[in-house]
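Taken in order, the sequence shown gives residues 4 to 414; the numbers are from my numbering.
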Amino acid sequence: MTTRRGFLVGGSMLGAVMGSRISTAESTSPRDERAAWVTHLKRVAEPVLTHWAAGTLQSAMPVEAAPGHVETQRPGTHLEAVGRLLCGIAPWLELEDESNAGEAALRVRFRALSKEGIARGVEKSSPTYLKFGATAQTLVDSSFLALALLRAPKHLMGAMDASTRTNFVEALVAARVVKPGMNNWLLFAAMNEACLFTLGHEWKREVVEFGLDKHRGWYLGDGTFGDGPHLHWDYYNSFVIQPYLLQIFETLGAELPAFAEFAAEEKKHAVRYATVQERLISVDGSYPAVGRSIAYRCGAFHLLADVARRGMLPTEIAPNQVRCALSAVIERTLGARGTFDEAGWLRIGLAGHQPGLGETYISTGSLYLCSFAFLPLGLAAGDVFWSGPRVRWSAQRIWSGESVLADHAQD
């Protein structure tokens, strides 16, 4: 992104881990590890969803930003918070799994809050309207909200009544006034058109085809795209580019036969990039703090989480291996002291409160992109991602002296 970049949980197991940390001990059970992920999800999501549904998000959510940029970021920060949060937790909201009563009850409650929040957010006459099209940033975060609906077609998109559905369509249409730059922003516009297509509204094929054609030309090799024509040392292949390409092709693939070859190639690129991401996770869950938007914390592993959720991991990387690696990342970022303020809102930083890591386009709402790491919670508890035993991830195996196969470029 160039120009910016009180619930009581039912169920004894989930209740027992509220406030706990994700343990990285090999003796930790997969069941407890999933519960700890849900604990983190609840802590991140609770204040946003509660206030959004109550109509108090704009008055309750603090706006932290770089000095001198609070007021410029204020108009879009609330849409940032809800769009990014729902984008990350949508697969979990969509999940039909009653195996843990506490988690299931929380999911039902958060579905209801999301439904109410969406209705409020797209109602133009409401003081809680999220001002689609009012600033350039609303193109970005309307698309995250659109992606959330595509990831939860039953419990988000399907839960909207006729009035909300109409208002949502009008909100996405309003965001068309923002002209995307020649970079990953082209995919934000394309995602909104994909959502409009799914909602049965007239969509702009040329917007989608232009964005896909440009990104096809920006492929640089070994699973990596430029953000525009050049390479940038950052996490935007994961924050935006490749998860967006995967979803756009999933939603519109049948409508875009001219891009069938690119769609097949992108699956290979995504697997390669996810493989690299798994290797970037150090033995303690830290990872290179390079590039802009590093305050998105564990959201840097959006693509790895999405590839795992989609069951696309290569054979040499076990799903439960990725679970263990992401658990460490989530704990190092969301579990760091100072990450949340006294009222439970996220604060700028990577490993705690580090306001210096926030670019001028970063504000409180931006930080909820961290929720993208939660995508695998959309897999049932019985999936091997969750049921498999704890194992070491690549960095742990290599740096403990174990002999493993060498890594190789894709192309």
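The beta-carbon is built from N, C-alpha and C at its ideal position, and this holds for glycine as well.
Query                                                                                                                                                                         : Result
Return the chain-ordered list of same chain residues with a C-beta closer than 7 angstroms to the C-beta of ASP309, the five sequence neighbours on each side being excluded. : PRO246, LEU249 and LEU378
So, using beta-carbon positions, are SER296 and TYR371 closer together than 9 angstroms?                                                                                      : no
Report the residue ranges of all alpha helix (DSSP H) runs contained in full by the segment 291-371; include only those spanning at least 4 residues, in chain order.         : 305-312 and 322-337
Determine the burial state of GLY161: buried for a count of at least 16 other Cβ atoms within 10 Å of its Cβ, exposed for fewer.                                              : exposed
State the DSSP-derived secondary structure class of THR31, mapped to helix, strand or coil.                                                                                   : coil
Below 7 angstroms CB to CB, which residues in the same chain sit around VAL210 once its five sequence neighbours on both sides are set aside?                                 : ALA192, ALA193 and GLU196
Leaving out five residues on either side along the sequence, give the residues of the same chain with a beta carbon under 8 angstroms from the beta carbon of LYS217.         : MET185 and LEU189
Ignoring anything shorter than 4 residues, give me the alpha helix (DSSP H) runs that lie fully in the segment 106-176, in order along the chain.                             : 140-154
Please classify ARG208 as buried or exposed, where buried requires at least 16 neighbouring CB atoms within 10 angstroms.                                                     : exposed
What is the C-beta distance between GLY341 and ARG350, in whole angstroms, given that I count them as a contact (C-beta under 8 angstroms)?                                   : 7 angstroms
Whole angstroms are fine: how far does the CA of LEU159 sit from the CA of PHE10?                                                                                             : For PHE10, the pLDDT reaches just 33, beneath the cut-off of 50, and the residue's location in the model is therefore unreliable, leaving the point undetermined.
Output yes or no for whether 9 angstroms exceeds the beta carbon distance between LEU435 and SER129.                                                                          : Since the first residue shown for the chain is 4 and the last is 414, residue 435 is missing from the structure and cannot be characterised.
Is there contact here, the segment 276-293 with the segment 312-326, by at least three beta-carbon pairs under 8 angstroms?                                                   : yes
Name, in chain order, the residues that DSSP records as bridge partners for THR42.                                                                                            : None, per the DSSP bridge assignment.
Figure out for me which residue from ARG335, SER330, GLY404 and SER374 has the closest Cα to the Cα of PRO33.                                                                 : SER330
Cβ atoms of LEU215 and PHE147: under 9 angstroms apart, would you say?                                                                                                        : no
Bridge partners of ALA68, per DSSP?                                                                                                                                           : SER366
Whole-angstrom Cβ separation of LEU52 and PHE113, contact assumed at under 8 angstroms?                                                                                       : 6 angstroms
Using 10 angstroms around the beta-carbon of GLY22, count the other beta-carbons present and answer buried if the total reaches 16, otherwise exposed.                        : With a pLDDT of only 45 at GLY22, under 50, the local geometry of the prediction cannot be trusted, and no value is derived from it.
For THR201, which residues from the same chain have a beta carbon less than 8 angstroms from its beta carbon, with the 5 sequence-adjacent residues on both sides left out?   : LEU152, LEU153, PRO156, MET160 and THR254
From the DSSP output, in three-state form, read off THR5 for me.                                                                                                              : Confidence at THR5 is low in this model, with a pLDDT of 45, below 50, so its placement is unreliable and the value that follows should be read with caution. THR5: coil per DSSP, three-state reduction.
Grab the span of the beta strand (DSSP E) containing LEU223 for me, first residue to last.                                                                                    : 222-224
Taking the alpha helix (DSSP H) that ARG91 belongs to, which residues open and close that run?                                                                                : The question names Arg, yet the displayed sequence has Gly at residue 91. Per DSSP, GLY91 belongs to the alpha helix (DSSP H) from 73-97.
Considering only their Cβ atoms, is the gap separating MET64 from HIS43 smaller than 9 angstroms?                                                                             : no
Decide if VAL293 is buried, meaning its Cβ has at least 16 other Cβ atoms within 10 Å, or exposed.                                                                            : exposed
Which term fits LEU223, buried or exposed, when burial requires 16 or more other beta carbons within 10 angstroms of its beta carbon?                                         : exposed
If I measure Cβ to Cβ from ALA339 and keep anything under 6 angstroms in the same chain, skipping five residues before and after, which residues do I get?                    : ALA354 and GLY355
So what does PHE228 bridge to, in DSSP terms?                                                                                                                                 : TYR222
Please report the straight-line C-alpha distance between LEU234 and PHE228, rounded to a whole angstrom.                                                                      : 7 angstroms
Determine the extent of the alpha helix (DSSP H) in which GLU196 is found, giving its start and end residues.                                                                 : 188-201
Exposed or buried, what is ALA84 when buried is set at 16 or more other beta-carbons lying within 10 Å of its beta-carbon?                                                    : buried
Cβ of LYS271 within 9 angstroms of Cβ of GLN413?                                                                                                                              : yes
State the Cα-Cα distance for the pair TYR299 and LEU116, rounded to the nearest angstrom.                                                                                     : 24 angstroms
Less than 9 angstroms between the beta carbons of ASN187 and GLY124, yes or no?                                                                                               : no
Just mark ALA328 as buried or exposed, buried being the case when its beta carbon has 16 or more other beta carbons within 10 Å.                                              : buried
Take the Cβ of GLU269 as the centre, count every other Cβ of all protein chains shown within 10 Å, and call the residue buried at 16 or more, exposed below.                  : buried
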